[in-house]
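For reference, the structure is listed below as structure tokens.
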Amino acid sequence: MLHSVFSPQDVKGLKIDELIHLASEIRSFLIDSLAQTGGHLAPNLGIVELTLALHKLFDLPKDEIVWDVGHQVYVHKLLTGRRHRFDSLRQYGGLSGFSNRDESIYDSFTTGHGGTSISSAFGKACARDLVGGKEHHIAVIGDGAMTEGMALEAINHIGHTQTRLIIILNDNGMSIAPNVGGYSRYFDRVRNEPMFRSGKEYLTHLVKGIPNYGDRMYHLMSKMKDSFKYLLTPGVIFEELGLRYVGPVDGHNISELLEVLNEVKAYNRPVLLHVKTIKGKGFLPAEDTSCKGAKWHGGGPFDKHTGKFIATGDQRLTYSQIFGNKLIEMAQTDLSLCAITAAMPDGTGLSQYANRFPDRFFDVAMAEQHGVTFAAGLASKGLKPFVAIYSTFLQRAYDQIIHDVCLQKLPVRLCLDRGGLVGADGPTHHGVFDYAYLRCLPDLLFMSPRNQSEFNGMLELMQAYDSGPSAIRYPRGNSPENLPDGTVPLAIGRADKLLAGGDITIVAIGTMVSQAISVAQSLKTDFSISASVIDARFVKPLDEKLILDEVKQSQHIVTIEEGTVTGGFGSCVLEALSRNGSYPKTLVLGIPDQFVTHGDIQKLYQHIGLDVPSLVKTISTWYLRKDA
Numbered sequence: 112m113l114h115s116v117f118s119p120q121d122v123k124g125l126k127i128d129e130l131i132h133l134a135s136e137i138r139s140f141l142i143d144s145l146a147q148t149g150g151h152l153a154p155n156l157g158i159v160e161l162t163l164a165l166h167k168l169f170d171l172p173k174d175e176i177v178w179d180v181g182h183q184v185y186v187h188k189l190l191t192g193r194r195h196r197f198d199s200l201r202q203y204g205g206l207s208g209f210s211n212r213d214e215s216i217y218d219s220f221t222t223g224h225g226g227t228s229i230s231s232a233f234g235k236a237c238a239r240d241l242v243g244g245k246e247h248h249i250a251v252i253g254d255g256a257m258t259e260g261m262a263l264e265a266i267n268h269i270g271h272t273q274t275r276l277i278i279i280l281n282d283n284g285m286s287i288a289p290n291v292g293g294y295s296r297y298f299d300r301v302r303n304e305p306m307f308r309s310g311k312e313y314l315t316h317l318v319k320g321i322p323n324y325g326d327r328m329y330h331l332m333s334k335m336k337d338s339f340k341y342l343l344t345p346g347v348i349f350e351e352l353g354l355r356y357v358g359p360v361d362g363h364n365i366s367e368l369l370e371v372l373n374e375v376k377a378y379n380r381p382v383l384l385h386v387k388t389i390k391g392k393g394f395l396p397a398e399d400t401s402c403k404g405a406k407w408h409g410g411g412p413f414d415k416h417t418g419k420f421i422a423t424g425d426q427r428l429t430y431s432q433i434f435g436n437k438l439i440e441m442a443q444t445d446l447s448l449c450a451i452t453a454a455m456p457d458g459t460g461l462s463q464y465a466n467r468f469p470d471r472f473f474d475v476a477m478a479e480q481h482g483v484t485f486a487a488g489l490a491s492k493g494l495k496p497f498v499a500i501y502s503t504f505l506q507r508a509y510d511q512i513i514h515d516v517c518l519q520k521l522p523v524r525l526c527l528d529r530g531g532l533v534g535a536d537g538p539t540h541h542g543v544f545d546y547a548y549l550r551c552l553p554d555l556l557f558m559s560p561r562n563q564s565e566f567n568g569m570l571e572l573m574q575a576y577d578s579g580p581s582a583i584r585y586p587r588g589n590s591p592e593n594l595p596d597g598t599v600p601l602a603i604g605r606a607d608k609l610l611a612g613g614d615i616t617i618v619a620i621g622t623m624v625s626q627a628i629s630v631a632q633s634l635k636t637d638f639s640i641s642a643s644v645i646d647a648r649f650v651k652p653l654d655e656k657l658i659l660d661e662v663k664q665s666q667h668i669v670t671i672e673e674g675t676v677t678g679g680f681g682s683c684v685l686e687a688l689s690r691n692g693s694y695p696k697t698l699v700l701g702i703p704d705q706f707v708t709h710g711d712i713q714k715l716y717q718h719i720g721l722d723v724p725s726l727v728k729t730i731s732t733w734y735l736r737k738d739a
């Protein structure tokens, strides 16, 4: 049946039993397909019936759905003519793993970060009303994303305007790892209530069930309906904010979903439909609600029969694992050391730390802004908070970094995981702007390691550094093995000269140090160009003396970074040269002024010219030009 579905129109005529059969086919297809490509399996297995119901009842693309985060859109993509491209999912040139406006007219809004759906759908609904439109706008948001301040800010605004809008809360009790916090406990309580579509239905059931007096009490209370309704309605928090609350309903019962959605469509006010689902439904390993099940949120290829991921063959520790291990080592003797993450204990390598030191571990949920200012509060009382957040998500807390951390010179340790290109997750997740957005902040110590040894040394330096805030940026993946551990001791603002050469000075940082060494070797072998290589180590403070000494001889300088060239590390070097009256020939290489697509990192390097052959060609051509 799935093979005959090419658009939502092909779903509209299906009967209930056919929809149930189609749901089963979709789950089988997803398990088979993602076993080969990898991807976000569990979120999509949990939303099959809801997605089918939405495509049957609403008129897409006229009616528009905004999928929060966007990692749960695989079923939507299957129903909108993209099934034939699933073998290219998250691969270079292939299907995006998220909702993407450039990919399909059915993707109404590009998403990748949490908490954006309600605001964007609300904006669309207001635009509709201003031009006299009639279409529906729907935001589908998971319970984990409801802890994002942006989502609650939007709900507060919607309650004031009373704009017609449908918000669907996909409540599976999980974000990536199990949810934490007060909102999570609230939803857990509501999830355990019987399924009623409204506060009135819930109240009727509750009161009429009282022996002997139930009917008489209900008759009396019906005359005082608002007071008791708000006291007992499971979704009272949303009702108080001005939304019509409906639910919770069974997100895997297509008949019930269709019936309730039909009712919700008729409301001329904002409504929140609370849908209870099982993340990973239909694949037992992915249904595991413990932290072990979190790996099925998104992962690589796997054996669908054993439920085990296919090993890559690389046994090296990832930077995230190195980070977690080092923090455990330091925390054993430093009782002031704390670790903070935003709903990513596994992804940031902190799960074992959380088990060892639960009193000094804080998962703030999907609330990066709060997490950074919370860390500032800890630091103000003499503790040493290490805040581990993906680079792309730390962007959300930029004001807090400036106002609450740097302005007060508080020794918060910012640990930016996934710095640089991240691969398959693409432009919403690449961490390529951090060199630019952090290096401009006063009093911030900012560094990036080339390998495991340097990473551990930098973490120790951060532990000891109490004079102000510090930040370290490290990539996804493993530490390279072909690099020296360090020719000079690690000291603040001290770079490391790895290769000597008189023609060109190459200054690289982080992941690009390995590339720079290979480039220098190729330049020597293929073009007889002698290049020195400096591992800058520190973006701030920059080792200006070493760089100036080198360019006095070479008069040619190249900077290489896995970050945006617009205002990034290369700009930092150029500013230092200008400030010191040094004007050698310069070449700044890094991420171009564009958003980089998804795909294998090595292919992305080729795409933007950061692979070794491309770098050698670019640098040799530049150096050998007559005007160079």
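In terms of the numbering used here, the sequence shown opens at residue 112 and continues consecutively.
For every residue, glycine included, the Cβ atom is placed at its ideal position computed from N, Cα and C.
Bear in mind the structure is a predicted one, so any value in this text is a computation, not a measurement.
In this structure, the CA atom of residue 729 is about 11 Å from the CA atom of residue 699.
C-alpha of residue 628 to C-alpha of residue 207: approximately 33 Å in a straight line. Between residue 620 and residue 647, the gap from beta carbon to beta carbon is short of 9 Å. Exclusion of the five residues before and after residue 250 leaves 177, 228, 229, 232, 278 as the residues of its chain whose Cβ lies within less than 6 Å of its Cβ. Your pair residue 712 and residue 669 does not check out as a contact, with CB atoms roughly 21 Å apart and the cut at 8 Å.
Three or more Cβ pairs closer than 8 Å define a contact, and the segment 703-710 falls short of that threshold against the segment 657-674. Contact check for residue 248 against residue 276 passes: the beta carbons are separated by less than 9 Å. Counting the other Cβ atoms within 10 Å of the Cβ of residue 466 gives fewer than 16, which makes it exposed. In the structure shown, the three-state DSSP call for residue 281 is strand. As summarised for the segment 163-246, the continuous beta strand (DSSP E) elements at least 3 residues long and confined to that stretch are 175-178, given in chain order. Around the Cβ of residue 421, a 10 Å sphere holds fewer than 16 other Cβ atoms; the residue is exposed. Taking C-alpha positions only, residue 460 is separated from residue 446 by approximately 20 Å. Linking residue 702 to residue 477 through their CA atoms gives a straight-line distance of about 28 Å. Judged by DSSP in its simplified three-state form, residue 592 adopts coil rather than helix or strand. For the set 587, 565, 346, the Cα lying nearest the Cα of residue 543 is the one of 587. Taking C-beta atoms under 8 Å as the contact rule, residue 608 and residue 643 qualify, at a distance of about 7 Å. Residue 715 has its alpha-carbon roughly 22 Å from the corresponding atom of residue 682. A Cβ-Cβ contact shorter than 9 Å links residue 626 with residue 722.
By the Cβ-count criterion, residue 599 is exposed, with fewer than 16 other Cβ atoms from all chains shown falling within 10 Å of its own Cβ. Taking a C-beta distance under 9 Å as the contact criterion, residue 494 and residue 428 do not qualify as a contact pair. Spatial neighbours of residue 649 in its own chain (CB-CB distance under 6 Å, excluding positions within 5 residues in sequence) are listed in chain order as 558, 604.
Note that the C-beta distance between residue 219 and residue 172 is below 9 Å. When the alpha-carbon of residue 363 is set against those of 113, 392, 346, the nearest one is in 392. Note that the C-beta distance between residue 151 and residue 191 is not below 9 Å. Within the segment 402-475, the runs of beta strand (DSSP E) that reach at least 3 residues and sit entirely inside it are, in chain order, 448-452, 472-474. Going by DSSP, residue 585 is part of no beta strand (DSSP E) at all; its letter is neither H nor E. A residue is called buried once 16 or more other Cβ atoms fall within 10 Å of its Cβ, and residue 245, having fewer, is exposed.
For residue 133, the uninterrupted alpha helix (DSSP H) segment begins and ends at 127-148. The continuous alpha helix (DSSP H) containing residue 545 extends over residues 545-550. Inter-residue distance for residue 271 and residue 353 is about 7 Å (C-alpha atoms, whole angstroms). For the pair residue 253 and residue 225, the CB atoms are nearer than the 9 Å cut-off.
No residue range can be given for residue 694, since it is assigned to no alpha helix (DSSP H) and is classified by DSSP as neither H nor E.
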